[in-house]
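Single-structure report; data block below.
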Amino acid sequence: MPRMTAADAAVAILRREGVTHAFGLPGAAINPFYAAMRRDGGITHTLARHVEGASHMAEGYTRARAGNIGVCVGTSGPAGTDMITGLYSASADSIPILCITGQAPVARLHKEDFQAVDIAAVAGPLTKMAMTVLEPAQVPGAFQQAFHLMRSGRPGPVLIDLPFDVQQAEIDFDIDTYEPLPVYKPAATRAQIAKALDMLAAAERPIIVAGGGIINADAADLLAEFAELTDTPVVPTLMGWGALPDDHRLMAGMAGLQTAHRYGNATLLASDFVLGIGNRWANRHTGGLGVYRAGRTFVHVDIEPTQIGRVFAPDYGIVSDARAALELFVEVARERQGRLPDRAAWVEQCRHRRATMQRRTHFDDVPVKPQRVYEEMNRAFGPETRYVSTIGLSQIAAAQFLHVYRPRHWINAGQAGPLGWTTPAALGVCVADPDTPVVALSGDYDFQFMIEELAVGAQFNLPYIHVLVNNAYLGLIRQSQRGFDMDYCVQLSFDNVNAPELGGYGVDHVKVAEGLGCKALRVTGPAEIGPALEEAKKLVAEYRVPVVVEVILERVTNISMGTELDNVTEFEDLAERHEDAPTAVVALLD
Ligand SMILES: Cc1ncc(C[n+]2csc(CCOP(=O)(O)OP(=O)(O)O)c2C)c(N)n1
Ligand SMILES: [Mg+2]
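Each residue of the sequence shown is one higher than the one before, counting from 173 in our numbering.
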């Protein structure tokens with residue numbers, strides 16, 4: 173039997189399970205694992221500047237491509253605790269990442285050894301498995317189980333914590349006969365799908381709410397086919413955005429309190445039947461359940477049995493992987509073709525709402541109004557673009573105004589929304605897919621949270637465009653403080669003694685980005701945005717580093733949001749003529 177260190181066995185299993193890349197940073201307690209990676213030579217490594225950054229890079233890497241599992245590696249103690257936010261964000265959005273940490277030697281775990289923290293206990297609620305491996309011979313099994321769990325059922329992250337002596341201990345292990353464990357994915361039965369289709373056929377105004385589970389299951393093609401076969405309008409959730417292209421005839425818009433379209437909410441409220449697939453009835457999608465549920469029948473399809481009924485009891489629930497369910501939905505709908513109800517009038521009503529209920533984007537104001545930035549982005553970036561964003565007014569407006577045409581082209585930390593996520597996640601996306609243009613979008617605060625990771629993009633030549641909308645405010649929190657009648661601790665503005673020309677906008681992001689080895693441009697007027705985005709494309713191609721385009725915004729702009737789907741406040745004039753929203757996918761009927 174071949175003998176090797178447990179760390180060598182772990183690396184061999186990573187390779188066999190398809191891992192080719194890791195994000196992280198070494199420390200003394202994880203050096204044996206790094207030594208094993210070096211001996212193996214088959215795993216490329218991106219050196220993060222902050223361990224939290226490595227965890228979000230791993231998330232971006234997973235989210236970019238079906239089948240990917242991002243791996244993040246850190247030492248004992250604070251490296252593990254730094255990655256907790258990545259584990260939370262990954263688990264909240266059903267994203268598998270494998271987090272590997274070093275640990276103090278087994279015999280010293282209980283002696284308050286230097287940087288010995290019980291990371292498995294800390295990570296427990298955020299992972300599908302969090303294990304400090306105490307026996308070297310258990311290491312292969314721990315890794316085998318990790319991949320099985322990450323890929324089975326509702327996907328999610330795993331943490332494996334390896335004490336220093338466990339990594340170094342020699343074990344018998346044969347990688348040649350190693351076999352990944354079978355992956356478990358529940359599948360709907362024909363009877364279940366037939367019943368759901370009966371309910372859909374009995375409805376008059378049905379919609380499909382398409383969740384991120386469809387993207388995780390790589391089933392966007394089947395969603396489109398099923399929607400077309402039954403002529404059912406689709407309302408994607410924020411995590412499902414891109415599952416149906418924005419220019420698809422049946423794309424009805426997103427619904428919700430913030431990241432939503434006026435026509436999406438109106439269509440949801442006009443519907444009498446909702447088929448939710450791979451979604452979780454998130455509270456910022458549903459708003460109050462009284463309004464959301466009133467007068468509607470619900471079918472819920474989800475891979476995780478305990479998700480059915482978690483937020484509210486659907487009229488019918490099906491436990492199934494989204495792909496398995498949609499395969500059967502397509503099959504049974506095909507068999508029923510010719511006998512399915514005619515939906516032409518309902519589809520036309522949804523389309524009419526889309527062509528009439530638009531928000532205005534065309535403002536010429538200086539300082540720039542945020543809406544204009546997205547209009548310019550729609551012009552500059554084509555359907556091949558992958559967008560990455562996290563949270564804030566910047567992200568909410570992006571969801572209201574940008575266009576997404578493909579699955580995995582809207583990459584967002586939907587549930588957790590950790591500030592700082594955008595830069596490292598975008599870098600992980602760039603590693604996963606160097607051939608597709610990546611455009612990240614941050615508010616100034618999100619950008620400042622993990623600004624140091626820009627150096628990683630410069631060092632490893634990970635080119636992408638980072639649109640930075642700077643209002644010198646914690647904008648979303650400023651807006652929510654209106655309810656408290658205050659503007660308290662949310663100002664990011666100050667007079668920068670080194671950059672008086674910024675006129676109180678505080679941090680000189682251009683200088684910082686340049687200092688970290690990136691290119692950066694700043695624009696202050698609406699007419700400059702388009703040319704700056706074109707210039708950024710050239711700089712990305714020429715220098716192969718991140719290129720920041722900072723747009724100095726109006727300090728205070730409130731973005732549409734509300735408390736209920738039927739109570740969303742509009743703060744600006746709505747679009748009345750096509751010129752008010754010139755980049756809308758469906759031209760405004762004026
Ligand atoms: C780690 C963390 N802390 C606090 C928050 C709460 N939060 C959400 S958005 C936001 C302000 C974001 O400001 P900025 O990135 O400038 O975006 P803007 O809303 O101004 O567009 C804050 C503090 C959060 N999401 N994550
Ligand atoms: Mg801001």
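By construction, the Cβ of each residue, glycine as well, lies at the ideal position given by its N, Cα and C atoms. Nothing here was measured: the structure is a model prediction, and the numbers come from that model.
Could you give the residue range of the alpha helix (DSSP H) that holds residue i?
{"i": "T402", "result": "A392 to T402"}
{"i": "H457", "result": "N455 to T458"}
{"i": "I365", "result": "R362 to A374"}
{"i": "D474", "result": "Per DSSP, D474 belongs to no alpha helix (DSSP H); it is in the beta strand (DSSP E), T469 to D474."}
{"i": "E224", "result": "V223 to A236"}
{"i": "I291", "result": "I291 to A295"}
{"i": "H320", "result": "V311 to R323"}
{"i": "M423", "result": "M423 -> no alpha helix (DSSP H), and no H or E assigned at all."}
{"i": "T439", "result": "R434 to A442"}
{"i": "T253", "result": "P250 to D254"}
{"i": "T594", "result": "T594 to A604"}
{"i": "I568", "result": "L565 to F573"}
Do residue j and residue i count as a contact pair if the criterion is CB distance below 8 Å?
{"i": "V406", "j": "I380", "result": "yes"}
{"i": "P539", "j": "I365", "result": "no"}
{"i": "V311", "j": "A181", "result": "yes"}
{"i": "R188", "j": "Y356", "result": "no"}
{"i": "D493", "j": "A359", "result": "yes"}
{"i": "P378", "j": "L369", "result": "no"}
{"i": "E224", "j": "T257", "result": "yes"}
{"i": "K541", "j": "E726", "result": "yes"}
{"i": "V463", "j": "E736", "result": "yes"}
{"i": "A685", "j": "A692", "result": "yes"}
{"i": "Q587", "j": "A454", "result": "yes"}
{"i": "D265", "j": "G428", "result": "no"}
{"i": "T431", "j": "Q631", "result": "no"}
{"i": "I269", "j": "P329", "result": "yes"}
{"i": "V471", "j": "L447", "result": "yes"}
{"i": "L281", "j": "Q530", "result": "no"}
{"i": "G629", "j": "L599", "result": "yes"}
{"i": "I272", "j": "F205", "result": "yes"}
{"i": "R235", "j": "I583", "result": "yes"}
{"i": "N633", "j": "D616", "result": "no"}
{"i": "V639", "j": "L613", "result": "yes"}
{"i": "T557", "j": "Y546", "result": "no"}
{"i": "P596", "j": "H228", "result": "yes"}
{"i": "F345", "j": "P174", "result": "yes"}
Assuming residue i is part of the beta strand (DSSP E), what are its boundary residues?
{"i": "I637", "result": "I637 to N642"}
{"i": "Y559", "result": "R558 to S561"}
{"i": "Q530", "result": "Premise fails: Q530 is in no beta strand (DSSP E) and is neither H nor E."}
{"i": "I267", "result": "I267 -> no beta strand (DSSP E), and no H or E assigned at all."}
{"i": "A488", "result": "The residue asked about is misnamed: residue 488 is Tyr in this sequence, not Ala. Element bounds for Y488: Y488 to V491."}
{"i": "L219", "result": "T216 to L219"}
{"i": "M733", "result": "M733 to E736"}
{"i": "P408", "result": "V406 to P408"}
{"i": "E342", "result": "E342 to D344"}
{"i": "V502", "result": "Here V502 belongs to no beta strand (DSSP E); instead the alpha helix (DSSP H) covers A494 to E507."}
Per DSSP, residue i is paired with what?
{"i": "K691", "result": "V719"}
{"i": "R580", "result": "Its beta-bridge partners do not exist; DSSP assigns none."}
{"i": "S614", "result": "L640"}
{"i": "D333", "result": "T273 and T304"}
{"i": "L746", "result": "R531"}
{"i": "Y645", "result": "Q663"}
{"i": "H193", "result": "T216"}
{"i": "Y677", "result": "F666"}
{"i": "N240", "result": "BP columns for N240 are empty, so no partner."}
{"i": "L725", "result": "V540"}
{"i": "T741", "result": "M733"}
{"i": "I379", "result": "V446"}
{"i": "M549", "result": "Answer is none; M549 lacks a bridge partner."}
{"i": "M411", "result": "In the DSSP output, where bridge partners are listed per residue, M411 has none listed."}
{"i": "R175", "result": "D344"}
My understanding is that residue i touches residue j, with C-beta atoms under 8 Å, so please give their C-beta distance in whole angstroms.
{"i": "A704", "j": "V721", "result": "5 Å"}
{"i": "A230", "j": "Q339", "result": "Their Cβ separation, rounded to whole angstroms, is 20 Å, which puts A230 and Q339 out of contact at 8 Å."}
{"i": "P297", "j": "D337", "result": "The Cβ separation is near 28 Å, so there is no contact."}
{"i": "R515", "j": "T404", "result": "7 Å"}
{"i": "S665", "j": "G647", "result": "About 12 Å separates the two Cβ atoms, so there is no contact after all."}
{"i": "W123", "j": "A585", "result": "With the chain covering only 173 through 762, there is no way to say anything about residue 123."}
{"i": "L440", "j": "L416", "result": "No, L440 and L416 are not in contact; Cβ-Cβ is about 15 Å, not under 8 Å."}
{"i": "V183", "j": "D212", "result": "5 Å"}
{"i": "G412", "j": "N437", "result": "Contact flag wrong, Cβ pair sits at about 16 Å."}
{"i": "L512", "j": "T402", "result": "6 Å"}
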